Amino acid sequence: MSRNRWIPGRLAARGAVAVVVSALAAACASQPQSSAVRSAGFVSIQLAAADNGRGVQPVAASPYGDFLAGMLASHERDLSAAADFMMRAWENDPENFVLLRRAFLLAAADGRHAEAVRLARRVLEQAAEDDSYPEAVLTKLVLTIDRVERGEIDAARRLLNTMPDRRLGKFLPPMIGSWLDLGEGDIGAALATIAPLAEAEGLAVLYNLQTALLNDVAGRPVEAESAYRAVVEGMEKPSLRTTWLIGNFFERQGNAETAVDFYQRFEDAGPGSALFDTALERLAAGTRPEPSVSDFKAGIAEALFNLAILLSQERAQEQALLQIHLALRLNPRFQQARVLLGEIMERQKREGEAIAAYRSVDPASPFAWMARLRIAEGLERQGRADEAISELEALAAERPGDFEPLFRVGNMLRAQERFLEAVDAYDRAFERLGESAAHWSMYYFRGIALERSGQWERAEPDLLKALDLQPDHPYVMNYLAYSWVEQETNLEQAEAMLVRAVQLRKDDGFIVDSLGWVYYRLGEYDKAVVRLERAVELQPQDPVINDHLGDVYWKVGRRQEARFQWRRALNLEPEADTVPVIETKIESGLDQKPKDI
Numbered sequence: 000m001s002r003n004r005w006i007p008g009r010l011a012a013r014g015a016v017a018v019v020v021s022a023l024a025a026a027c028a029s030q031p032q033s034s035a036v037r038s039a040g041f042v043s044i045q046l047a048a049a050d051n052g053r054g055v056q057p058v059a060a061s062p063y064g065d066f067l068a069g070m071l072a073s074h075e076r077d078l079s080a081a082a083d084f085m086m087r088a089w090e091n092d093p094e095n096f097v098l099l100r101r102a103f104l105l106a107a108a109d110g111r112h113a114e115a116v117r118l119a120r121r122v123l124e125q126a127a128e129d130d131s132y133p134e135a136v137l138t139k140l141v142l143t144i145d146r147v148e149r150g151e152i153d154a155a156r157r158l159l160n161t162m163p164d165r166r167l168g169k170f171l172p173p174m175i176g177s178w179l180d181l182g183e184g185d186i187g188a189a190l191a192t193i194a195p196l197a198e199a200e201g202l203a204v205l206y207n208l209q210t211a212l213l214n215d216v217a218g219r220p221v222e223a224e225s226a227y228r229a230v231v232e233g234m235e236k237p238s239l240r241t242t243w244l245i246g247n248f249f250e251r252q253g254n255a256e257t258a259v260d261f262y263q264r265f266e267d268a269g270p271g272s273a274l275f276d277t278a279l280e281r282l283a284a285g286t287r288p289e290p291s292v293s294d295f296k297a298g299i300a301e302a303l304f305n306l307a308i309l310l311s312q313e314r315a316q317e318q319a320l321l322q323i324h325l326a327l328r329l330n331p332r333f334q335q336a337r338v339l340l341g342e343i344m345e346r347q348k349r350e351g352e353a354i355a356a357y358r359s360v361d362p363a364s365p366f367a368w369m370a371r372l373r374i375a376e377g378l379e380r381q382g383r384a385d386e387a388i389s390e391l392e393a394l395a396a397e398r399p400g401d402f403e404p405l406f407r408v409g410n411m412l413r414a415q416e417r418f419l420e421a422v423d424a425y426d427r428a429f430e431r432l433g434e435s436a437a438h439w440s441m442y443y444f445r446g447i448a449l450e451r452s453g454q455w456e457r458a459e460p461d462l463l464k465a466l467d468l469q470p471d472h473p474y475v476m477n478y479l480a481y482s483w484v485e486q487e488t489n490l491e492q493a494e495a496m497l498v499r500a501v502q503l504r505k506d507d508g509f510i511v512d513s514l515g516w517v518y519y520r521l522g523e524y525d526k527a528v529v530r531l532e533r534a535v536e537l538q539p540q541d542p543v544i545n546d547h548l549g550d551v552y553w554k555v556g557r558r559q560e561a562r563f564q565w566r567r568a569l570n571l572e573p574e575a576d577t578v579p580v581i582e583t584k585i586e587s588g589l590d591q592k593p594k595d596i
């Protein structure tokens with residue numbers, strides 16, 4: 000087979016807190032772009048800013064030019080350059096409140112805390128008593144956390160008390176204020192401060208989580224357990240962070256059975272996850288962990304982390320980054336916050352910064368394994384596949400019983416069409432996991448690598464096993480059936496399988512093409528024309544599908560259209576070994592059954 004007919008998605012699930020708070024969505028609205036930005040001068044800045052991949056470079060020498068360059072850098076997710084440009088624009092026009100606010104937000108999102116604090120103070124000075132500007136809540140949040148970090152609790156309270164009562168300003172004062180109360184030893188006041196959150200629509204889970212943590216840190220295990228259980232009841236599926244926090248609590252209470260149950264349920268939902276191995280080993284040894292949240296500063300960091308998760312889900316990435324950086328100011332040992340920082344960088348295509356964030360995770364942390372897997376993914380996306388594979392092989396050597404690094408090596412090699420090497424990696428992964436415990440996708444991907452490396456006698460059983468474990472999976476059915484069609488075997492079974500696959504994925508051009516091609520092999524050319532024309536509509540740039548359509552056009556006597564499709568296939572850069580075949584058909588037509596392409 001000369002083309003890939005699989006969906007090369009990653010299998011590893013991403014862990015993240017799932018405290019779903021729909022009421023926070025409004026907090027993600029962004030400031031409308033100034034009309035000045037849309038002027039003709041923007042084009043020249045774009046052209047001048049182009050470089051060799053570093054991002055936007057300083058090219059402008061005026062406040063206006065710096066502003067435009069900053070907007071472009073922000074659009075390209077180069078926050079560091081964007082902050083530099085915007086601060087320079089503001090420094091050249093210090094009375095410009097719009098520039099000041101934008102410079103503040105970018106500096107805070109980039110983790111430049113000292114600059115963000117300095118700019119936040121200037122924002123408050125220029126705003127006077129007017130809190131109507133969009134960044135008012137975030138400005139006071141940055142200054143509040145700065146005061147908390149310095150131990151100036153009364154000053155932090157004053158800032159919280161003057162925070163505008165809108166968007167995030169509805170939730171931050173009770174969340175942060177309750178931890179300030181607890182920091183002064185008053186759990187009663189803390190619970191009273193957080194209480195308004197219970198009445199807010201959609202905030203029950205967040206309220207219960209904060210209440211559980213407050214009681215836990217205050218040394219009230221009965222009340223903490225009740226609130227933790229309420230968190231679980233309010234969620235369809237416990238998230239990574241809630242599982243971590245609740246399992247940690249039950250471990251510390253000596254309730255090993257409940258802790259194991261929480262950890263196991265999470266791992267069962269994500270095959271291959273080794274995140275809780277350390278906890279399970281600790282439980283087996285009878286030792287107890289340190290609290291995940293140990294004091295009021297760590298509690299505030301936890302609240303900010305939860306908000307960052309929500310904001311990142313709503314694509315308010317700058318605000319999410321701001322929250323994470325503040326959380327890390329208060330709790331530098333918050334390893335999952337570092338992982339989330341890397342995840343957001345990934346979403347923004349900032350691969351180098353994502354890798355740096357993952358490398359900042361403490362090697363002794365249970366999250367280090369996850370971070371190193373992500374580093375390998377990032378290296379692959381940067382085109383550094385050999386480095387990525389070396390990273391994964393090192394992980395595999397460290398944990399001889401863990402199959403996941405080798406499985407990922409197989410996926411990377413398969414994506415590079417290094418199929419024999421991929422088979423070797425998959426085989427080593429199977430040796431560690433055992434055939435009976437393997438996930439359907441492992442059989443599927445190894446089956447692909449085996450078929451592509453010419454080992455059909457091993458590939459077919461793997462693909463059949465994948466289909467047995469995941470019945471009616473459209474991509475498994477498509478790959479298996481198309482393989483049969485290419486070998487001119489089991490054609491009727493292949494037809495039935497592909498009819499079902501098309502029913503499930505009617506707009507997938509590759510699957511529709513496979514059904515058309517089985518009709519071609521069966522000599523049902525009129526049916527084949529209908530399916531292959533539809534496949535070309537869905538995947539017009541695929542050379543194989545265009546070539547298939549040319550073949551069937553020839554069979555039904557549409558010779559001119561056939562040659563047009565073959566020429567089109569040739570122009571779409573097909574695989575090298577198919578080029579002579581297509582050229583021969585263009586010249587001489589299709590006098591015999593076409594070779595497999």
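Sequential numbering of the sequence shown, starting at 0, is according to numbering that gives the first Met the number 0. Glycine included, every Cβ here is placed at the ideal spot set by N, Cα and C. Being a predicted model, the structure only gives us computed values, none of them experimental.
* **Residues near Leu340 by beta carbon distance below 6 Å, same chain, minus five either side** => Answer for Leu340: Ile323, Ala356, listed in chain order.
* Asked: Would you report the Cα separation of Val535 and Arg431, rounded to the nearest angstrom?
  -> 43 Å
* Asked: So does the segment 469–480 actually touch the segment 490–506, counting three or more Cβ pairs closer than 8 Å?
  -> yes
* Candidates Arg349, Ala135, Asp145, Tyr132: which alpha carbon is nearest Arg117's? -> The shortest C-alpha separation from Arg117 is found at Asp145.
* In terms of residues, what are the limits of the alpha helix (DSSP H) holding Leu394? -> 384–397
* **Host alpha helix (DSSP H) of Asp541 (start-end)** => Premise fails: Asp541 is in no alpha helix (DSSP H) and is neither H nor E.
* **Residues near Asp590 by beta carbon distance below 6 Å, same chain, minus five either side** => Its chain contains no residue whose beta carbon lies nearer than 6 Å to that of Asp590 once the 5 sequence neighbours on both sides are disregarded.
* To do: Assign Ser311 to one of three DSSP states: helix, strand, or coil.
  => helix
* Asked: Between which two residues does the alpha helix (DSSP H) carrying Asp513 extend?
  -> Strictly speaking, residue 513 in this sequence is Ser, with Asp absent from that position. Residues 508–520.
* **Rounded separation between Pro579 and Arg373 - CA only** => 42 Å
* Label Lys464 either buried or exposed according to how many other C-beta atoms from any shown protein chain fall within 10 Å of its C-beta, with 16 as the threshold for buried. => buried
* Arg332, buried or exposed, once every other Cβ within 10 Å from all chains shown has been counted against 16 -> So Arg332 ends up on the exposed side.
* Could you tell me whether the segment 174–190 touches the segment 283–290, where touching means 3 or more Cβ pairs closer than 8 Å? => no
* **Proximal residues to Leu449 (C-beta, below 7 Å), its chain only, five neighbours per side dropped** => Val422, Arg457, Ala458, Asp461
* Asked: If we call anything under 8 Å between Cβ atoms a contact, is Leu619 one with Ala297?
  -> A question about residue 619 goes unanswered here, because the residues of the chain that appear run from 0 up to 596.
* Asked: So, are the CB atoms of Gln335 and Asp361 less than 8 Å apart?
  -> no
* Asked: Nearest to Thr277 by alpha carbon, out of Leu202, Ala363, Pro173, Ala223?
  -> In this structure, Ala363 is the residue among Leu202, Ala363, Pro173, Ala223 with its C-alpha nearest to the C-alpha of Thr277.
* **Boundaries of the alpha helix (DSSP H) in which Lys169 is found, first to last residue** => Neither: Lys169 is in no alpha helix (DSSP H) and is coded neither H nor E.
* Are three or more beta carbon pairs between the segment 254–264 and the segment 300–320 nearer than 8 Å? -> no
* In angstroms with no decimal places, state the Cα-to-Cα distance between Arg445 and Val543. => Taking the straight line from one Cα to the other gives about 23 Å.
* Neighbour-count burial assignment, Lys584, 16 or more Cβ in a 10 Å radius -> buried
* Could you tell me if Ser34 is buried or exposed, where buried requires 16 or more neighbouring beta carbons within 10 angstroms of its beta carbon? => Reliability fails at Ser34, whose pLDDT of 31 lies under 50, so the model's placement of it is uncertain and no value is given.
* DSSP state of Arg332 mapped onto helix, strand, coil -> The answer is coil: DSSP assigns Arg332 none of H, G, I, E or B.
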